[in-house]
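Chemist:
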Amino acid sequence: MTATFILGGARSGKSARAQALAEAAGAARVYIATAEALDEEMEARIARHKADRGAGWRTVETPLDLVPALKAAAASVVLVDCLTLWLSNLMHHGRDVGAETHALCAFLGQCRGEVILVSNEVGLGLVPETPLGRAFRDAQGRLNQQVAAACDVVEFVAAGLPLRLKG
Amino acid sequence: MTATFILGGARSGKSARAQALAEAAGAARVYIATAEALDEEMEARIARHKADRGAGWRTVETPLDLVPALKAAAASVVLVDCLTLWLSNLMHHGRDVGAETHALCAFLGQCRGEVILVSNEVGLGLVPETPLGRAFRDAQGRLNQQVAAACDVVEFVAAGLPLRLKG
Amino acid sequence: MTATFILGGARSGKSARAQALAEAAGAARVYIATAEALDEEMEARIARHKADRGAGWRTVETPLDLVPALKAAAASVVLVDCLTLWLSNLMHHGRDVGAETHALCAFLGQCRGEVILVSNEVGLGLVPETPLGRAFRDAQGRLNQQVAAACDVVEFVAAGLPLRLKG
Chain X
480 MTATFILGGA RSGKSARAQA LAEAAGAARV YIATAEALDE EMEARIARHK
530 ADRGAGWRTV ETPLDLVPAL KAAAASVVLV DCLTLWLSNL MHHGRDVGAE
580 THALCAFLGQ CRGEVILVSN EVGLGLVPET PLGRAFRDAQ GRLNQQVAAA
630 CDVVEFVAAG LPLRLKG
Chain C
480 MTATFILGGA RSGKSARAQA LAEAAGAARV YIATAEALDE EMEARIARHK
530 ADRGAGWRTV ETPLDLVPAL KAAAASVVLV DCLTLWLSNL MHHGRDVGAE
580 THALCAFLGQ CRGEVILVSN EVGLGLVPET PLGRAFRDAQ GRLNQQVAAA
630 CDVVEFVAAG LPLRLKG
Chain Y
480 MTATFILGGA RSGKSARAQA LAEAAGAARV YIATAEALDE EMEARIARHK
530 ADRGAGWRTV ETPLDLVPAL KAAAASVVLV DCLTLWLSNL MHHGRDVGAE
580 THALCAFLGQ CRGEVILVSN EVGLGLVPET PLGRAFRDAQ GRLNQQVAAA
630 CDVVEFVAAG LPLRLKG
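Chains as they are written, first to last, in the numbering used here: chain X, 480 to 646; chain C, 480 to 646; chain Y, 480 to 646.
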């Protein structure tokens, strides 16, 4: 089993990179989508991602309960796209982010099969102007550090090109 | 012929890196400037960049028609600085960004001589608050992925230091 | 003597990385904190950083006069955390950023003992909306380039993982 963490910016090609890794890893694949279609812009983005993915994927929409979804996925290859929307959903619904992250990392440390997780790096701009923006940025940074520590392989993707950070 | 793509943040030293590569590559050099001096702040920035460049360069100001300018540059070394302003100009003037990008990548795949292109990575902060900001960020990410795929060498520059992503 | 520059985003793990390097480098350590506790949010952040640091550190609070503090630190290992707050303080108090940066780099070129400096990369998002935001981003980029040039080792940290840029 390998847990792989793909980190990158918006439209950096990180989802395509994660999908290519998943497709190389096995034929029975589950795509855990954490997005919630709350408005038309997001709906269009989700539909575009689905079309990009093509056949060979079973999709599970999981805005919040990620670890149960991971445990239920009996497939050999699971792709979680992405932890940034998951974090946003957790915060929006008042969940305990620390406890949820801890449970995810514990799962990653003991799971069998291939798990590939995608997340955004969001801390490389100026300090956000709102307290919520700063809180989200800090929470995302902490989550990324913890997941990176729990994974075997970590890549940073820019302009579609992966750079190995770990493994 | 080599097409080289230099990606980096604002004031990361990416233009200086690109200029150093161009100066090492040949003596007959064309600088394709995509900036338009629309206000005093931008005018000062353009003048500072020109002064930094020094002698040995012929400058062509090309806010929109990049591929014709590349074809017209009979020099052995061409530097395009930068694709972020070019994209911004294309969007501002209602041009077809997909078609323009496709033409640029087709040119890169068949050109002779050295071409060095500079672009910004802009997707590593929080989600922009405006639809225009999000649209620009997405368009820049797609453009960077396509140009990176069409180039032989890709570097990411931070604090003046290049990191090889491809080639 | 080695001067090491640790660059990264917000909550990227750059401070923890710098502290680990300092702890490996020697037992007599000085922590130069450039933060000023101007509001409760910042005060909580400073207290959290102090608690994370643990024993074995002497802390010197130095919002502005960094080079004198570095000269006064007779310890073998000095950690400066961080240059982003230092820059912000310099600009806020109307100091000459170019002259201060020049003095810092001159010190780094001749100092004995270990110096580790932490800074933020802030130029990888969209163009900031305010002139002050753009001025700060440009000043931070220039400072990072100059300090990186003056240091022996430069690392970029993402998700807690260091990537060597120099040295």
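The beta-carbon is built from N, C-alpha and C at its ideal position, and this holds for glycine as well.
Contact check, residue 615 (chain X) vs residue 486 (chain X) under 8 Å by CB: the rounded distance?
Modeler: On the first sequence, position 136 is the one that residue 615 (chain X) refers to. On the first sequence, position 7 is the one that residue 486 (chain X) refers to. About 16 Å; that fails the 8 Å criterion.
Chemist: Let's see if you can read the secondary structure: which residues bound the beta strand (DSSP E) around residue 642 (chain X)?
Modeler: In the first sequence, residue 642 (chain X) corresponds to position 163, counting from 1. Its beta strand (DSSP E) spans residues 640 to 645.
Chemist: Check residue 483 (chain Y) in the structure and name its three-state DSSP category.
Modeler: The residue given as residue 483 (chain Y) occupies position 4 in the third sequence. Strand, per DSSP.
Chemist: Could you spell out where the alpha helix (DSSP H) holding residue 531 (chain Y) opens and where it closes?
Modeler: Along the third sequence, one-based indexing puts residue 531 (chain Y) at 52. First-last of the alpha helix (DSSP H) with residue 531 (chain Y): 519 to 532.
Chemist: According to DSSP, which residues form a beta bridge with residue 489 (chain C)?
Modeler: The sequence position of residue 489 (chain C) within the second sequence is 10, counting from 1. None; residue 489 (chain C) has no bridge partner.
Chemist: Pull up the DSSP beta-bridge partners for residue 536 (chain C), would you.
Modeler: Sequence index remark: in the second sequence, residue 536 (chain C) carries index 57 (1-based). BP columns for residue 536 (chain C) point to C:508.
Chemist: Provide the residue span of the alpha helix (DSSP H) that contains residue 677 (chain Y), from first to last.
Modeler: Missing from the structure shown is residue 677 (chain Y); chain Y here goes from 480 to 646 and no further.
Chemist: Which residues in chain C sit within 9 Å of residue 623 (chain Y), going by Cβ to Cβ distance?
Modeler: By one-based count along the third sequence, residue 623 (chain Y) stands at place 144. Per Cβ cutoff of 9 Å: 490, 491, 492, 637, 638, 639.
Chemist: Who are the near neighbours of residue 535 (chain C) in its chain, counting only those whose CB is closer than 8 Å to its CB and skipping five residues on each side?
Modeler: Along the second sequence, one-based indexing puts residue 535 (chain C) at 56. Answer for residue 535 (chain C): 502, 506, 508, listed in chain order.
Chemist: Using a C-beta cutoff of 8 Å, does residue 644 (chain Y) count as contacting chain D?
Modeler: The structure shown contains no chain D; its protein chains are X, C and Y.
Chemist: Measuring straight from C-alpha to C-alpha, what distance separates residue 544 (chain C) and residue 566 (chain C)?
Modeler: As a first step, residue 544 (chain C) must be located in the second sequence, where it is residue number 65. As a first step, residue 566 (chain C) must be located in the second sequence, where it is residue number 87. So the two alpha carbons sit approximately 11 Å from each other.
Chemist: Enumerated in chain order, which unbroken segments of the alpha helix (DSSP H) with a length of 4 residues or greater are wholly contained in the region 540 to 606 of chain X?
Modeler: As far as the region 540 to 606 of chain X is concerned, its whole alpha helix (DSSP H) runs of at least 4 residues are 545 to 551, 562 to 571, 576 to 589.
Chemist: Let me confirm a value: residue 563 (chain C) is counted as buried when at least 16 other C-beta atoms fall within 10 Å, else exposed. Which label applies?
Modeler: As a working mapping, residue 563 (chain C) is identified with position 84 in the second sequence. Buried is the call here.
Chemist: Does DSSP put residue 502 (chain Y) in a helix, a strand or coil?
Modeler: Residue 502 (chain Y) sits at position 23 when you count from the first residue of the third sequence. Reduced to three states, the DSSP call for residue 502 (chain Y) is helix.
Chemist: For the region 508 to 528 of chain C against the region 543 to 557 of chain C, do three or more pairs of beta-carbon atoms, one drawn from each stretch, fall closer than 8 Å, so that the two count as touching?
Modeler: Because the criterion of three Cβ pairs below 8 Å is met, the region 508 to 528 of chain C and the region 543 to 557 of chain C touch.
Chemist: Applying a beta-carbon distance threshold of less than 9 Å, which residues of chain X neighbour residue 547 (chain Y)?
Modeler: In the third sequence, residue 547 (chain Y) corresponds to position 68, counting from 1. Those within 9 Å of residue 547 (chain Y) in chain X number zero; the least Cβ separation is about 27 Å.
Chemist: When the Cβ atoms of the region 584 to 592 of chain Y are set against those of the region 579 to 587 of chain X, are three or more pairs found closer than 8 Å?
Modeler: Because the criterion of three Cβ pairs below 8 Å is not met, the region 584 to 592 of chain Y and the region 579 to 587 of chain X do not touch.
Chemist: Report the residue from Y:639, Y:559, Y:625, Y:610 whose alpha carbon sits nearest the alpha carbon of residue 637 (chain C).
Modeler: The residue you call residue 637 (chain C) lines up with position 158 of the second sequence. The shortest Cα separation from residue 637 (chain C) among Y:639, Y:559, Y:625, Y:610 belongs to Y:625.
Chemist: Taking Cβ-Cβ distances shorter than 9 Å, what residues in chain X pair up with residue 627 (chain C)?
Modeler: For the purposes of this step, residue 627 (chain C) is taken as the residue at position 148 of the second sequence. 492, 637, 638, 639, 640, listed in chain order.
Chemist: Mind checking residue 499 (chain X): buried by the 16 CB within 10 Å criterion, or exposed?
Modeler: Along the first sequence, one-based indexing puts residue 499 (chain X) at 20. Exposed: under 16 other Cβ atoms inside 10 Å.
Chemist: Determine the contact status of residue 642 (chain Y) and residue 595 (chain Y), defining contact as a CB-CB distance below 8 Å.
Modeler: The residue you call residue 642 (chain Y) lines up with position 163 of the third sequence. The residue you call residue 595 (chain Y) lines up with position 116 of the third sequence. Contact flag unset, no.
Chemist: Would residue 606 (chain Y) count as contacting chain X if we go by Cβ distances under 8 Å?
Modeler: Taking the first residue of the third sequence as position 1, residue 606 (chain Y) is located at position 127. Cβ-Cβ to chain X under 8 Å: no for residue 606 (chain Y).
Chemist: On the CB-based measure, 16 or more other CB atoms within 10 Å of its CB, does residue 653 (chain X) come out buried or exposed?
Modeler: The question about residue 653 (chain X) has no answer, for chain X in this structure spans 480 to 646.
Chemist: According to DSSP, is residue 516 (chain C) part of a helix, a strand, or is it coil?
Modeler: Sequence index remark: in the second sequence, residue 516 (chain C) carries index 37 (1-based). Note: residue 516 (chain C) maps to coil in three-state DSSP.
Chemist: Give a yes or no on whether 8 Å exceeds the smallest Cβ distance from residue 583 (chain Y) to chain C.
Modeler: Position 104 of the third sequence, counting from 1, holds the residue named residue 583 (chain Y). No, its Cβ sits nowhere closer than 8 Å to a Cβ of chain C.
Chemist: Exposed or buried, what is residue 481 (chain C) when buried is set at 16 or more other beta-carbons lying within 10 Å of its beta-carbon?
Modeler: For the purposes of this step, residue 481 (chain C) is taken as the residue at position 2 of the second sequence. By the neighbour-count rule (16 or more Cβ atoms within 10 Å), residue 481 (chain C) is not buried but exposed.
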